[in-house]
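Spelled out as structure tokens, the structure:
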């Protein structure tokens, strides 16, 4: 019985020794080596030590972004640190104590085919800086009406670095040292051909004022200048208050009579309601959609009763939508005693070409300065 126990003990000891020696041998052969089947970025790194894997991974990262012959170097220090930290989690840990490292190598289970990514935040930040040397602003086509003629200037498309697409290209490229920047065109808006269509008179209305009322006349002219040659895109809502701005002394407006609670008092910008009311008449002619309009508390002299559009900055606005198929150009001109507002656009069945109108008389009975 004792002999059998001795033999059993000997077998157990031999097994433990064999297991230990096997573990030591296995540890010696795999110590600081990539685990079998370690695939990173499509490459098998089995058997390489950690320094070799780190070196090869860092060598595979694109080092520059290029565009039209320009080379933009990338600073990759943060990505290198991320690679090192990531590899520390993949390789079996080492403490310098062999028997402890043997034990750790036995229980360490590395993740095969893991996902390694570069430092996105750092590279995207660099791409934003690079974009300032690649981006070109879009120049919109322009149109204005001056001296009885349209002045049209063609636009120019712009370009912008697609930062997200370029980052994805860098992150996915593990063979080339350079990556071509992904650059998108910025289309011309408004387009040149869209403005070439503008020219039909969809609304044309004239009202009159007393030029001897100097303060009020100045206000009428200032507001007209503010909306003159203003371009309205299809579907856009025009806000009189937004375009003209606050009528303050700093903006050049003078005190003149206005209506407040059915009383006539002086206030900054008195007279600008003639501009909004004249514009409303042109909008009516053009069959545009009115979004907001208010009438004065008392009748006014420059349009028929109930056909005005009063405004008060921050309180009352005149707004309408361009519901035509093309752009609208507002022309607002003043003469000695008149204000003429025209809406140039693209005519159709719902927005036909209009003849001049006005209150109390049509402008075409006067001289050429109405053209």
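Residue numbers (my numbering): 1 to 371.
Just so you know, even glycine gets a beta-carbon here, dropped at the ideal spot from N, CA and C.
Small disclaimer: the values here were computed from a predicted structure and weren't measured.
If you measure between the beta carbons of residue i and residue j, is that distance less than 8 Å?
i, j, result
"residue 174", "residue 330", "no"
"residue 322", "residue 288", "yes"
"residue 186", "residue 319", "no"
"residue 294", "residue 202", "no"
"residue 130", "residue 65", "yes"
"residue 345", "residue 198", "yes"
"residue 145", "residue 208", "no"
"residue 206", "residue 340", "yes"
"residue 275", "residue 312", "no"
"residue 166", "residue 127", "yes"
"residue 41", "residue 60", "yes"
"residue 156", "residue 123", "no"
"residue 83", "residue 58", "yes"
"residue 162", "residue 183", "yes"
"residue 79", "residue 119", "yes"
"residue 255", "residue 190", "no"
"residue 372", "residue 176", "Nothing about residue 372 can be read from this structure; the chain reaches only from 1 to 371."
"residue 253", "residue 181", "no"
"residue 338", "residue 356", "no"
How is the beta strand (DSSP E) around residue i delimited, first residue to last?
i, result
"residue 342", "338 to 345"
"residue 64", "64 to 67"
"residue 285", "Where residue 285 is concerned, there is no enclosing beta strand (DSSP E), although the alpha helix (DSSP H) it sits in stretches over 272 to 286."
"residue 232", "230 to 232"
"residue 243", "No beta strand (DSSP E) contains residue 243, which is instead part of the alpha helix (DSSP H) from 240 to 244."
"residue 149", "149 to 153"
"residue 305", "It is not in any beta strand (DSSP E) - residue 305 carries neither H nor E in the DSSP assignment."
"residue 74", "Element bounds for residue 74: n/a, residue is neither H nor E."
"residue 255", "255 to 260"
"residue 161", "158 to 161"
"residue 201", "200 to 208"
"residue 268", "263 to 268"
"residue 290", "289 to 292"
For residue i, does the three-state DSSP call read helix, strand or coil?
i, result
"residue 182", "coil"
"residue 353", "coil"
"residue 332", "strand"
"residue 144", "strand"
"residue 112", "Note that residue 112 scores a pLDDT of 47, beneath 50, so its modelled location is shaky; the value from the coordinates is reported in the next line. Note: residue 112 maps to coil in three-state DSSP."
"residue 103", "With a pLDDT of 47 at residue 103, under the threshold of 50, the modelled position of that residue is not reliable, and no figure is offered here."
"residue 363", "helix"
"residue 321", "strand"
"residue 132", "coil"
"residue 98", "With a pLDDT of only 42 at residue 98, under the threshold of 50, the placement of this residue in the model should not be trusted, and no figure is reported."
"residue 189", "coil"
"residue 172", "helix"
"residue 120", "helix"
"residue 298", "coil"
Closest by CA to residue i, which one among the options?
i, options, result
"residue 193", "142, 210, 334", "142"
"residue 342", "349, 348, 328", "328"
"residue 308", "273, 62, 348, 347", "273"
"residue 251", "260, 279, 219, 262", "219"
"residue 215", "232, 234, 258, 182", "258"
"residue 383", "118, 91, 160", "In the structure displayed, the chain extends from 1 to 371; residue 383 sits before or after that span and is not available."
"residue 70", "133, 49, 204", "133"
"residue 310", "324, 46, 269, 360", "269"
"residue 283", "324, 265, 254", "324"
"residue 45", "314, 296, 90, 317", "90"
"residue 358", "297, 326, 290, 280", "280"
"residue 235", "43, 291, 51, 211", "291"
"residue 154", "232, 138, 315", "138"
"residue 349", "152, 47, 286", "286"
"residue 314", "210, 47, 247", "247"
"residue 299", "263, 326, 267, 316", "263"
"residue 147", "334, 88, 50, 267", "334"
"residue 117", "172, 261, 213, 360", "172"
Which residue marks the beginning of the alpha helix (DSSP H) containing residue i, and which one marks its end?
i, result
"residue 387", "Residue 387 lies beyond the stretch modelled for the chain, which goes from 1 to 371, so this question has no answer here."
"residue 78", "77 to 90"
"residue 55", "50 to 60"
Contact criterion: CB-CB distance below 8 Å. Does residue i meet it with respect to chain D?
i, result
"residue 214", "The structure shown contains no chain D; it is built from a single protein chain."
Problem set entry | Segment contact flag, the segment 243 to 254 with the segment 218 to 234, C-beta cutoff 8 Å, min 3 pairs | yes
Exercise. Counting pairs of Cβ atoms below 8 Å between the segment 72 to 79 and the segment 33 to 42, do you hit three or more?
Worked result: In short, these stretches do not touch, since the Cβ pair count stays below three.
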